[in-house]
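Engineer: Below is a structure I'd like to ask you about.
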């Protein structure tokens, strides 16, 4: 019997995340969003980073490309260029998105390829037992920063806004309904979508707990906040540094031609369906 | 005159040295001569010394000689660096330079033309090199008709005025020579045959990629691989091919692998340094069993090295690159025509065996102009293998992407196919693609991937033996050294008993064939464009044969034909 709920995106394998991990919330929201978008598992390709979020490749029933640390975006771009009919999503942690592979985020935002990047941002390298990442707050003690982190953390939303991302949002792992709506909007958005998802790590992040997040987060009110202004979006992205509050919701959305739509060779059938019959490479020499 | 002629044009970067050389080369090619064009240039936009050397003859020519017959010296440096390369009776064309250094060359013909004067008379100082080429055409004993055609082809898009100016410049240089009595070198104007082309191996590779149905090329510019990207970019709209310039080489190979994973014939290309950045993803292609073609054009390394010079220093790196073990192909064509065919095979092999294929070029191949004779455009057929259609998939009900099969090859369902949903997994995985760390499955999956080896060996063409089956000396080389050895053997003729074993499909290593040839060889000489003799070490590893006679060169220059001849003669 056909499954008519988000459960159709489950595989036979149960998640191996720690009890209370923010990944459960993100996972559920992702499946709910895909379901509500009327998508079928075979229509979606998710390119995963490695790490805790990357292990989701085994638990989420869509086509999955489980890539390398920091490298989930390039295969996502290649897959989208190769088969534009696919819904392409990249699932990455803060280590892979804002550290090791940060250039891919910047550049794919710049050329506005139509993919959605979901970043599980728990401010730690958790699978490797909690070292500091680029989003770990200053002074935080971790196994690699025993005297407290000296470096200033990156602001990922400012980064993608400055890089030209046409959809920038922030969500919270443990507000599933809100997050599912964000993911739906991000997938529907034509162009590069970046959703930074704040996520507690119950094992290795004792500072940014669920309770802590709930005390600093507030939802952007779509009646009061219009996401069409870059300067305002940047202000919102920086609010935590200014007044300790973390707004969640769509910070910025702009209609812009996608990279693919400007490539005439992609106008017809997807590349993967192009006929390889009768090619005459020397015809115009 | 049947004799080969070597012409060198030298001057400052920005003088249009390469373009001039190629115009001359194409003219001679259209007149029915064979040509080989070799350029040397520093990694600078302007300034620095540039040369283009054209070896031309009635019969095949695939290599560069140290000695030259005609030197066009557009600056004093050209004379100082290359004057001594002139043969006795050679011609030097220059613009009032001091030629005292080469006065001792016997019967030197000193053509001192006021090139700048004539260029200005033609309409512009920029035509100075064309004036000199006009003079060369006269020395060669040819008229200007074909040369003018090339000028039209080269400068046509710059407008009639520019073409007329260039033609006038050529005429002025040509007529100026009438006052000197110089015997013509070449006379034949038979015309080239249809189906013959003049191309670098990069151009031939790019054409071959199009012919093979490559639909996505993701790359980051790096000399000497970049011109592949240029050719493909210019032709992409004609062939539903997307050329995607990425932020770095890691992204280039990652993007290519993503496209390959959804069923597109995809490739990336770079030089050794860029390849080094790609290595982790090379392993990703291997463990996910994604077909991928990676072009690596070697330059003088390590690090930045000599960015615009040649070397064969990356062979062992290509064979071993990546943590872990997996099967791969390493294919190294010996000339542009081989590149055209072998790159097409590379796509077939990648798809059939679902693994990475490394296509190894070098600067000598990538940027030298070759004549491709009797090109057979449809010789290599596109074979699309390893896919599974929707009906078959639905009938299966229990599709396993990494099914353990007899030959290690399992069918690929592509993202988008209804009943084929699976994980293309970087982690070690089970037959469905799900991550596993189980010891038995790990062993089985390693064995699965390596099972392909037997069939890979059977399908890769064997190394070719040129010359007599039994000879006093067997020369062994791979890739681009082919040209110098083939030309050397032709030049020394039948009186010396020498044959030549040329390796192109180098990995998996064709041990059986190499062993057989070496077993019957009386004496063996290895010729390799690197410091340590990497092929020789590989041969020892794979066959047990120790090649003691190693003729190695690692100064950034290719082997000149004369030095190969001299070396061969030491052993016979």
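Chains as they are written, first to last, in the numbering used here: chain P, 1 to 285; chain Y, 1 to 572. Every residue gets a Cβ at the ideal spot worked out from N, C-alpha and C, and that includes glycine.
1. How far does the beta strand (DSSP E) with residue 51 of chain Y in it reach, from first residue to last?
2. Are the C-beta of residue 77 of chain P and some C-beta of chain Y separated by less than 8 Å?
3. Of the residues P/160, P/123, P/129, P/172, which one's Cα is nearest the Cα of residue 152 of chain P?
4. Tell me whether the beta-carbon of residue 561 of chain Y lies closer than 8 Å to the beta-carbon of residue 462 of chain Y.
5. To the nearest angstrom, how far is it from the Cα of residue 305 of chain Y to the Cα of residue 328 of chain Y?
6. Can you list, in chain order, the residues of its chain with a C-beta nearer than 6 Å to that of residue 31 of chain P? Leave out the 5 residues immediately preceding and following it.
7. Could I get the ranges of all uninterrupted beta strand (DSSP E) runs contained in the region 10-77 of chain Y, with 3 residues as the minimum, in chain order?
8. Name the chain Y residues that come within less than 8 Å of residue 47 of chain P, Cβ to Cβ?
9. Taking a contact to mean a Cβ-Cβ separation below 8 Å, would you say residue 525 of chain Y touches residue 489 of chain Y in this structure?
10. When you compare the CB positions of residue 111 of chain Y and residue 180 of chain Y, do they come within less than 8 Å of one another, or not?
11. Since residue 307 of chain Y and residue 205 of chain Y should fall inside the 8 Å C-beta cutoff, what is the C-beta to C-beta distance between them, to a whole number of angstroms?
12. On the DSSP letters alone, give me the boundaries of the alpha helix (DSSP H) that residue 225 of chain Y sits inside.
13. Determine the closest residue to residue 227 of chain Y out of Y/271, Y/248, Y/263, Y/254, with distance taken between C-alpha atoms.
14. Taking contact to mean 3 or more Cβ pairs, one atom from each stretch, closer than 8 Å, check whether the region 440-458 of chain Y and the region 330-341 of chain Y are in contact.
15. Answer yes or no: do residue 298 of chain Y and residue 398 of chain Y have a C-beta to C-beta separation smaller than 8 Å?
16. Cα separation between residue 233 of chain P and residue 137 of chain P?
17. Does the beta carbon of residue 62 of chain P sit closer than 8 Å to a beta carbon anywhere in chain Y?
18. Measuring only the C-alpha atoms, how far is residue 205 of chain P from residue 238 of chain P?
19. Give me, in chain order, the residues of the same chain whose beta-carbon lies closer than 6 Å to that of residue 16 of chain P; leave out the 5 immediate sequence neighbours on both sides.
20. Please confirm if residue 571 of chain Y has its CB atom under 8 Å from at least one CB of chain P.
21. First and last residue of the beta strand (DSSP E) that includes residue 306 of chain P?
22. On the CB-based measure, 16 or more other CB atoms within 10 Å of its CB, does residue 532 of chain Y come out buried or exposed?
23. In chain P, which residues lie with their C-beta within 8 Å of the C-beta of residue 247 of chain Y?
24. Residue 387 of chain Y: which of Y/261, Y/273, Y/193, Y/356 sits nearest, CA to CA?
25. For residue 14 of chain P, count neighbouring Cβ atoms within 10 angstroms of its own Cβ and tell me buried if that reaches 16, exposed if not.
26. Which first and last residues belong to the alpha helix (DSSP H) in which residue 134 of chain Y is found?
27. Using the C-alpha atoms, what's the distance from residue 240 of chain Y back to residue 106 of chain P?
28. Under the three-state reduction of DSSP, which class applies to residue 15 of chain P: helix, strand or coil?
29. Contact between the region 80-87 of chain P and the region 448-460 of chain Y: three or more CB pairs below 8 Å?
30. Return helix, strand or coil for residue 58 of chain P, following the three-state DSSP convention.
31. Going by CA-CA distance only, name the one from P/230, P/269, P/259, P/271 that's closest to residue 251 of chain P.
32. Answer yes if the region 57-75 of chain P comes into contact with the region 250-266 of chain Y, meaning at least three C-beta pairs across the two stretches below 8 Å, and no otherwise.
33. With distances taken from CA atoms, which of P/174, P/194, P/193 is nearest residue 200 of chain P?
34. Nearest chain Y C-beta to residue 248 of chain P closer than 8 Å, yes or no?
35. Under DSSP, the alpha helix (DSSP H) around residue 274 of chain Y begins and ends at which residues?
36. How far does the alpha helix (DSSP H) with residue 252 of chain P in it reach, from first residue to last?
Structural biologist: Quick answer:
1. 49-57
2. yes
3. P/123
4. no
5. 27 Å
6. 6, 9
7. 34-40, 49-57, 68-73
8. 258
9. no
10. yes
11. Not confirmed; about 20 Å, so no contact.
12. Segment: none, residue 225 of chain Y is in no alpha helix (DSSP H) and carries neither H nor E.
13. Y/271
14. no
15. no
16. 22 Å
17. yes
18. 22 Å
19. none
20. no
21. With chain P covering 1 to 285 only, the question about residue 306 of chain P has no answer from this structure.
22. exposed
23. 103, 104, 106, 107
24. Y/261
25. exposed
26. 128-140
27. 27 Å
28. coil
29. no
30. helix
31. P/230
32. yes
33. P/174
34. no
35. 272-288
36. No alpha helix (DSSP H) holds residue 252 of chain P; the beta strand (DSSP E) holding it covers 246-253.
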